[in-house]
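Asks: Residue numbers (full-length UniProt numbering): 1 to 239. Quick reminder that beta carbons are idealized off the backbone N, C-alpha and C, glycines included. Small disclaimer: the values here were computed from a predicted structure and weren't measured.
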Ligand code: TMP
Ligand code: ASP
């Protein structure tokens, strides 16, 4: 039996605990919600429980489809056992439709279909507000090698293919999402972090209703209901 030891790190939505194994950590999902780099703060009742289950579901689905992830097992309502990663400090964003910061930046209508899925990278640095960064800058600043970027790009589009297809069957449009990658103790690039309504835009395919954290970011109401609805669509279960 693995032992949970002291907290190593606390982020905005999760805590990470050491274990007695140096290649594994325990992630604990919180109900805290932030937006605009922490400028807006709140809590979403049971978000931690729901995101733990939703992430577990997606990481299982991805593993079955050959995407290597840090996920090992869900331990209880709020905790997961995962492989310890040294995180590549990039937020990797895939978009199928133009929404959020992309729609704002280019003056496009939210929801415009893109001619093909796109990728962008942001430097993961809260003090700098996670600025957009291009692949030349990533390499010139020694943030990641070309080889690692190639692996990350290939895996990110693969995640998109798997999730988009699965969600379409559940009548959900995958508008965009954010991934994080890291290296395990052997140097393999694995998908890390979470995949949940906190980190994706999910729209109902029929009504275009938002089923994700934009309900919190934009004060649209029915925030908890949206997270519950996503778990129900994925698993057919209420809890
Ligand atoms: P954006 O349109 O605001 O750039 O967001 C793109 C996607 O990334 C969206 O699905 C939400 C997700 N995201 C995060 O997971 N964390 C963040 O800090 C931000 C800004 C976006
Ligand atoms: N990661 C952002 C923050 O912590 C939230 C978001 O927009 O998803 O404020």
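1) Could you please give the first and the last residue of the uninterrupted alpha helix (DSSP H) stretch that includes residue 150?
2) Please confirm whether residue 88 and residue 182 have their CB atoms less than 8 Å apart.
3) Can you tell me whether residue 39 is buried or exposed, with buried defined as 16 or more other CB within 10 angstroms of its CB?
4) Taking the straight line between their C-alpha atoms, what separation do you get for residue 175 and residue 239?
5) What span of residues does the beta strand (DSSP E) with residue 36 cover, start to end?
6) So what's residue 45 in DSSP terms, helix, strand or just coil?
7) Cβ-heavy atom distance between residue 102 and the ligand TMP below 7 Å?
8) Please tell me whether, using a cut-off of 7 Å, the distance from the CB of residue 178 to the nearest non-hydrogen atom of the ligand TMP is below it.
9) For residue 171, count neighbouring Cβ atoms within 10 angstroms of its own Cβ and tell me buried if that reaches 16, exposed if not.
10) Around the Cβ of residue 235, are there at least 16 other Cβ atoms within 10 angstroms (buried) or fewer (exposed)?
11) Would the region 65-81 count as touching the region 134-146 if we require 3 or more Cβ pairs under 8 Å?
12) With distances taken from each beta carbon to the nearest heavy atom of the ligand ASP, which residues come in below 5 Å, in chain order?
13) Report the residue ranges of all beta strand (DSSP E) runs contained in full by the region 51-82; include only those spanning at least 3 residues, in chain order.
14) Please indicate yes or no: does the CB of residue 200 lie closer than 7 Å to some heavy atom of the ligand TMP?
15) In the structure shown, what three-state DSSP assignment does residue 233 receive?
16) Residue 69 and residue 57 - do their beta-carbons sit closer together than 8 Å?
17) Can you check whether the C-beta of residue 95 is within less than 8 Å of a C-beta belonging to chain E?
18) Roughly how many whole angstroms lie between the Cα atoms of residue 73 and residue 28?
19) Helix, strand or coil for residue 97, going by three-state DSSP, please let me know.
20) Can you pull the DSSP bridge partners for residue 179?
21) Under 7 Å from any heavy atom of the ligand TMP, does the C-beta of residue 93 make it?
22) Would you check whether the ligand TMP has a heavy atom nearer than 7 Å to the C-beta of residue 130?
23) State the start and end residues of the unbroken alpha helix (DSSP H) segment that holds residue 135.
Replies: Straight from the coordinates:
1) That run of the alpha helix (DSSP H) goes 146-169.
2) It is a contact, given that the beta carbons lie within the stated cut-off.
3) Around the beta carbon of residue 39, fewer than 16 other beta carbons sit within 10 angstroms, so the residue counts as exposed.
4) Between the alpha carbons of residue 175 and residue 239 lies a distance of about 25 Å.
5) Going by DSSP, residue 36 is part of no beta strand (DSSP E) at all; its letter is neither H nor E.
6) Note: residue 45 maps to coil in three-state DSSP.
7) True, at least one ligand heavy atom lies under 7 Å from that Cβ.
8) Because some heavy atom of the ligand TMP lies under 7 Å away, the Cβ of residue 178 counts as near it: yes.
9) By the 16-neighbour rule on beta-carbons within 10 angstroms, residue 171 is exposed.
10) Residue environment analysis places residue 235 among the exposed positions, since fewer than 16 neighbouring C-beta atoms fall within 10 angstroms of its C-beta.
11) With the cut-off at 8 Å, the region 65-81 and the region 134-146 do not touch.
12) Qualifying residues, in the order they occur: 12, 34, 35, 37 and 38.
13) Listed in chain order, they are 71-74.
14) Under cutoff, so the answer is yes.
15) In the structure shown, residue 233 sits in a helix (DSSP, three-state: H, G or I).
16) In this structure, residue 57 lies away from residue 69, with their beta-carbon atoms at least 8 Å apart.
17) Absent from the structure is chain E; it holds one protein chain and no more.
18) Here the alpha carbons of residue 28 and residue 73 stand approximately 12 Å from one another.
19) Of the three classes helix, strand and coil, the one that applies to residue 97 here is strand, per DSSP.
20) DSSP output for residue 179 lists 92 as bridge partner(s).
21) Yes, since a heavy atom of the ligand TMP falls inside the 7 Å radius drawn around the Cβ of residue 93.
22) Checking the Cβ of residue 130 against the ligand TMP gives yes.
23) Note, residue 135: alpha helix (DSSP H), 135-140.
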